[in-house]
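Reading through the structure tokens given below for one structure.
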Ligand code: TXA
Ligand code: MG
């Protein structure tokens with residue numbers, strides 16, 4: 028199968044979206060941009076299309092899919108009941124990088140996330156995503172458009188790296204603005220709980236909901252979000268996360284690269300403020316705008332250092348507050364080793 032890249036700028040947009048909608052209506056999967064990461068979309072009410080998603084990604088069958096809607100009214104047929112907290116969150120953050128877990132409607136087809144009492148719903152902001160869902164006229168299930176276990180794609184070329192020849196088309200919407208997957212919040216329990224941290228932070232959610240919001244432990248043996256138990260976001264290189272205070276991390280970066288030099292090709296993934304310990308290293312800068320900017324470039328950096336064929340990536344940790352919580356969540360899952368300095 029030849030994978031087509033469909034442009035979405037200028038005069039090309041309408042035709043590209045029409046092509047993608049036609050494929051989706053035939054039960055095919057199509058990759059498309061969202062503001063967070065690229066998604067691999069399929070008709071949420073087509074059994075064959077859903078099966079294709081799991082096959083193409085190599086995704087474990089017990090990892091459920093998020094249902095993407097193009098307008099808030101599309102939430103009604105998905106959920107059994109819609110708590111007021113959903114509407115409060117919608118008012119503040121939708122469309123946007125937030126996914127809400129609700130009790131599923133008994134009318135939902137069984138092949139959609141079988142055995143789960145809940146359904147995850149997201150209303151993306153990206154104009155191409157919205158146009159696609161609205162012209163299709165049905166909601167789309169859309170996991171991140173990477174092979175299972177690899178870093179999520181934030182550019183069309185990343186999707187191509189993983190899925191060339193296995194899907195018909197990729198809608199190219201340029202770089203994703205957010206760069207990390209959506210915050211997932213569960214509203215099915217008594218206390219709202221964040222299952223996956225993202226750029227919409229626990230603090231922001233608490234402010235809007237006017238109540239305490241939990242953060243699910245990511246290491247739990249039986250995680251509440253099934254996707255959490257798998258190793259994730261992994262580059263092919265070994266990823267060493269250096270955790271501690273900044274001056275100690277700087278020192279550790281220097282010493283580790285010294286120790287590895289000559290044996291391995293070393294990459295460093297860090298904010299521009301970290302000086303390159305040696306000219307011979309491959310340095311991928313996470314930018315100059317702090318952790319928000321780093322969030323945007325994190326997955327791209329992991330993929331880029333793989334492309335340069337480094338053996339080891341050294342990565343200074345971020346403070347676990349605000350967006351740093353989400354960045355560290357992804358880095359911990361990607362890391363092969365964590366060193367406290
Ligand atoms: O930003 C995003 O959310 C992207 C874009 C494409 O929208 N999508 C995405 O999908 O990240 P995926 O499949 O890669 O991650 C979905 C996460 C998984 O951890 C999954 O286990 C969890 O959401 N999830 C889905 N349905 C759930 C449910 N009913 N209850 C709990 N967790 C659920
Ligand atoms: Mg994913």
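In this note's numbering, the protein residues as written are 28 to 368.
Think of the CB as a built atom: it goes at the ideal place given N, C-alpha and C, for glycine as much as any other residue.
These numbers were taken from a predicted model, which means no experiment stands behind them.
Simplified DSSP assignment, three categories, for residue 214: In the structure shown, residue 214 adopts coil according to DSSP, grouped into three states.
Straight-line gap, residue 391 to residue 204 (C-alpha atoms, nearest Å): This structure does not reach residue 391, given that the chain is present from 28 up to 368, and the question cannot be answered.
9 Å Cβ cutoff met for residue 226 and residue 210: yes
For residue 165, the three-state DSSP class (helix, strand or coil): In the structure shown, residue 165 sits in coil (DSSP, three-state: anything other than H, G, I, E or B).
Any non-hydrogen atom of the ligand MG closer than 8 Å to residue 185 Cβ: no
Simplified DSSP assignment, three categories, for residue 277: helix
DSSP-derived helix/strand/coil call for residue 49: Secondary structure of residue 49 (DSSP, three-state): helix.
Cβ contact (3+ pairs, closer than 8 Å) linking the region 123 to 134 and the region 78 to 88: no
Residue 281 to residue 355 span [Cα, whole Å]: Linking residue 281 to residue 355 through their CA atoms gives a straight-line distance of about 21 Å.
Cα-Cα separation between residue 53 and residue 166, rounded to whole angstroms: 14 Å
Assigned secondary structure, residue 154 (DSSP; H/G/I helix, E/B strand, else coil): helix
Buried/exposed call for residue 247, threshold 16 Cβ in 10 Å: With a pLDDT of 49 at residue 247, under the threshold of 50, the modelled position of this residue cannot be trusted, and the question is left open.
Separation of residue 287 from residue 142, as counted between CA atoms: 48 Å
Residue 195 beta carbon near the ligand MG (any heavy atom closer than 8 Å): Distance from the C-beta of residue 195 to the nearest heavy atom of the ligand MG is not below 8 Å.
Validate contact between the region 172 to 179 and the region 62 to 70 using beta carbons, cut 8 Å, 3 pairs: yes
Collapsed DSSP secondary structure at residue 287 in the structure displayed: helix
Beta-carbon proximity list for residue 216, same chain, < 6 Å, skipping 5 on both sides: none
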